[in-house]
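Chains as they are written, first to last, in our numbering: chain S, -15 to 270; chain A, 2 to 230; chain D, 3 to 41.
For every residue, glycine included, the Cβ atom is placed at its ideal position computed from N, Cα and C.
On a predicted model such as this, the values are computed, not experimentally measured, just so you know.
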Amino acid sequence: MKRVFPILALLTAVLLSCALYEALVAAPTEQTMGNVQRIFYYHVPSAWTAFLLFFINFVCSIQYLVRPNPVADKLTNWTVIAIGIAACIAAFVIRPLPEGIEPSSVATTGLAIAGFYFLIRKCFSQPRTDALAVVTAEVGVVFCTVVLVTGPLWARPVWGIWWTWDVRLTSTLVLWLIYVSYLMLRRFSTSGQTPVLAAALAVFGALDVPLVYFSIWIFRTQHPQPVIGGGGSIDPRMLHVLLINWLAFLCFAALVCWSRYRLEILQREVEETQALEALLEPRSSR
Amino acid sequence: MSESSAVPSGVTGATLAKDLRLEWRSKDALNSMLFFSLLVVVVFSFSFDPNAEESRQIAGGLVWVAFLFAAVVALNQTWARELRNHVLDAYRVSPAPANSLFLAKASGNFIFVAVLEILMTPLFIMFYKLRALGPAWQLIPVAALGTWALVVNGTFFAAMSLRTRSREIMLPLLLFPVSIPALLAMVNATTAILTGELSAKFWIVLLSTYDVVFTIACLLLFELVLNAE
Amino acid sequence: MNFLYAAYTATWIIHITYLGTLVRRYHRLSGEIEELKKK
């Protein structure tokens, strides 16, 4: 296991450099927006990575809440399996699908949700699930900050505005706010049950985001707004560069999460040892 | 552990009655809240002094922001009183289901904030020369659903922030992000009704959905929060 | 054009700042481990 980390680090460095070159030099220049469009290759992969990390946090939070209770645990397991199967069926049965959504992506998303859930369940024990939750929340906030900073920097030269309350931007901002409040709860909580409280907050946040998305989508259909980033087709060469950047950032995120996770586990061990020391000291001084 | 065989409605009713009685007798929280609400309305009126036409556009947002701040102060107050008298520990030990306590507290807060809103609204109408161009009766379900949305999450997060340092600031930090869809719906519904330009129906449906989803979530998770530490 | 470089630079500044905080926390933790070992 020890040797994987340096290899992954090297691989990530190589990928990131390649991706940077592709984004800045090799990718074709966009017709209407010009070179500024290249921000897209950093903005979108960061967003996808952040959402993936927050999703993992949600899964960890659910597991942390549900695992101690065998009934709830079984119920959740079956629900997740049902989601996976339902997604596969829905992908090929529901016609017509909303625009821009392929059947294969619906099925893959459903299976990925189930896959992630059971993978995390198998590999992480109850307390470690909580550690993973903290890690993914922190790194997710970092990536989300990148999204919220690069977004306006892209919007300003192209559309002349720094910000607009469209669906994607507002949902991302709300997601960022929710997870920053999650991290603040973790930091300021004096309870011994902080993981439980934080997990409850994460569940609230996860319920909130679809509502935000839906409410702003309704808002937008009532009041037409400038649309940031069209949902139309993308030049295959650009898609290629986008995917390379996404792969590079995923590896980078994995590295950062791994480091942060090791730090978190170490910190918890140190705290436990310190607590034990504090308990044992008065006795030894007698 | 909760035994759901205890009469839930009885416990809820009794707790609610107790809270209301306490509040009515002491009236100190109510008085300070009233004065605070008045100050908020006056300060807002200084800051934004529009004519009648513009005021209809922005009043929705202003009114709900004012109510939001008043609600946060009210929520902080209600749990603080419980802490002072170690009432929470008594609840934890009693066999009463946690849900009853939550419903009682949330209902009490709802009544409290609703009273504040009823008292603040005429002032707003006066200062901003408001007159609804759309169906004014729709403002009542909007106000009721919106207030419940703020109060149900607020009561839950107030209980959560009891176990944090900087208790008073944690509540708005936790509450505001999660309330954004509800706030959006409330503000847009109010503006739609005041200006009469659009239908508020979508927003009312969204508010109802928000209320149902989060009331269920709070009821499911409150026991964990109550028993924490 | 400037916006492009600003965006890329900002991205890396954010990431490097975060990694910096991780390194600092690790050093502090190492110090605490040393102290515990002495006991």
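Item	Value
Using DSSP with H/G/I as helix, E/B as strand and the rest coil, what is residue 13 of chain S?	coil
Can you say whether residue 15 of chain D is buried or exposed, counting buried as having 16 or more other CB atoms within 10 angstroms of its CB?	exposed
At the level of alpha carbons, what is the spacing between residue -11 of chain S and residue -2 of chain S?	14 Å
On a CA-only basis, which of A:19, A:165 and A:144 is nearest residue 69 of chain A? Give me that one, please.	A:144
Check distances from the C-beta atoms of the segment 20 to 41 of chain D to those of chain S and list, in chain order, the residues that come in under 8 Å.	20, 21, 24, 27, 28, 31, 34, 35, 38 and 41
Could you check whether the segment 183 to 192 of chain A touches the segment 222 to 229 of chain A, counting it as contact only if at least three pairs of C-beta atoms, one from each stretch, sit closer than 8 Å?	no
If we require 3 or more residues per run, which beta strand (DSSP E) segments fall completely within the segment 143 to 187 of chain A?	none
Pull up the DSSP beta-bridge partners for residue 173 of chain S, would you.	A:165
For residue 0 of chain S, which residues of its own chain have a beta-carbon under 6 Å away from its beta-carbon, when the five flanking residues on both sides are left out?	232
Residue range of the alpha helix (DSSP H) that residue 19 of chain D falls in?	4 to 40
Report buried or exposed for residue 270 of chain S, applying the criterion of at least 16 other Cβ atoms within 10 angstroms of its Cβ.	Unreliable positioning characterises residue 270 of chain S in this predicted model, as indicated by a pLDDT of 48, which lies under 50. The coordinate reading is nonetheless provided below. The residue is exposed, with fewer than 16 neighbouring Cβ atoms inside 10 Å.
Can you give the beta carbon distance from residue 192 of chain S to residue 162 of chain S, rounded, assuming they're within the 8 Å contact cut?	6 Å
Closest by CA to residue 63 of chain A, which one among A:14, A:48, A:84 and A:75?	A:48
Determine, using beta carbons only, whether residue 195 of chain A and residue 124 of chain A come nearer to each other than 8 Å.	no
Would you mind telling me which residues of chain S sit closer than 8 Å to residue 215 of chain A, beta carbon to beta carbon, in chain order?	188 and 191
With a threshold of 8 Å between beta-carbons, can residue 19 of chain S be considered close to chain D, or not?	yes
Thinking C-alpha only, which one of S:8, S:31, S:20 and S:16 is nearest residue 237 of chain S?	S:31
Is residue 135 of chain A helix, strand or coil when you go by DSSP?	coil
Following the continuous alpha helix (DSSP H) through residue 141 of chain S, name the residue where it begins and the one where it ends.	110 to 143
With distances taken from CA atoms, which of A:23, A:199, A:115 and A:20 is nearest residue 58 of chain A?	A:199
Do you know how far the Cα of residue 88 of chain A is from the Cα of residue 31 of chain A?	20 Å
Determine whether the Cβ of residue 250 of chain S lies closer than 8 Å to any Cβ atom of chain D.	yes
For residue 1 of chain A and chain S, any beta-carbon pair shorter than 8 Å?	Since the first residue shown for chain A is 2 and the last is 230, residue 1 of chain A is missing from the structure and cannot be characterised.
At what residue ranges does the segment 49 to 101 of chain A contain a whole run of the alpha helix (DSSP H), taking only runs of 4 or more?	53 to 85 and 88 to 94
Is residue 119 of chain S near residue 2 of chain S, with beta carbons less than 8 Å apart?	no
Strictly under 8 Å for the Cβ-Cβ distance: is residue 261 of chain S near chain D by that measure?	yes
For the alpha helix (DSSP H) containing residue 216 of chain A, list its first residue and its last residue.	202 to 228
Is the separation between the beta-carbon of residue 129 of chain A and that of residue 56 of chain A shorter than 8 Å?	yes
If the cut-off is 7 Å on Cβ atoms, which residues from the segment 162 to 183 of chain A count as contacting chain E, listed in chain order?	Although the question refers to chain E, the structure presented lacks it and instead comprises the protein chains S, A and D.
Give the straight-line distance between the Cα atoms of residue 104 of chain A and residue 42 of chain A, rounded to the nearest whole angstrom.	30 Å
Using the DSSP secondary-structure output, state which residues sit across from residue 18 of chain S in a beta bridge.	S:14
I'd like the list of long-range same chain contacts for residue 84 of chain A, defined as Cβ closer than 7 Å, with 5 residues on each side in sequence excluded.	163
Going along chain D, which residues have a C-beta under 9 Å from residue 26 of chain S?	9, 10 and 13
With a cut-off of 8 Å, do at least 3 Cβ pairs link the segment 164 to 176 of chain A to the segment 127 to 134 of chain S?	no
Between the C-alpha atoms of residue 184 of chain A and residue 37 of chain D, what's the straight-line distance to the nearest angstrom?	51 Å
From which residue to which residue does the alpha helix (DSSP H) around residue 57 of chain S run?	54 to 77
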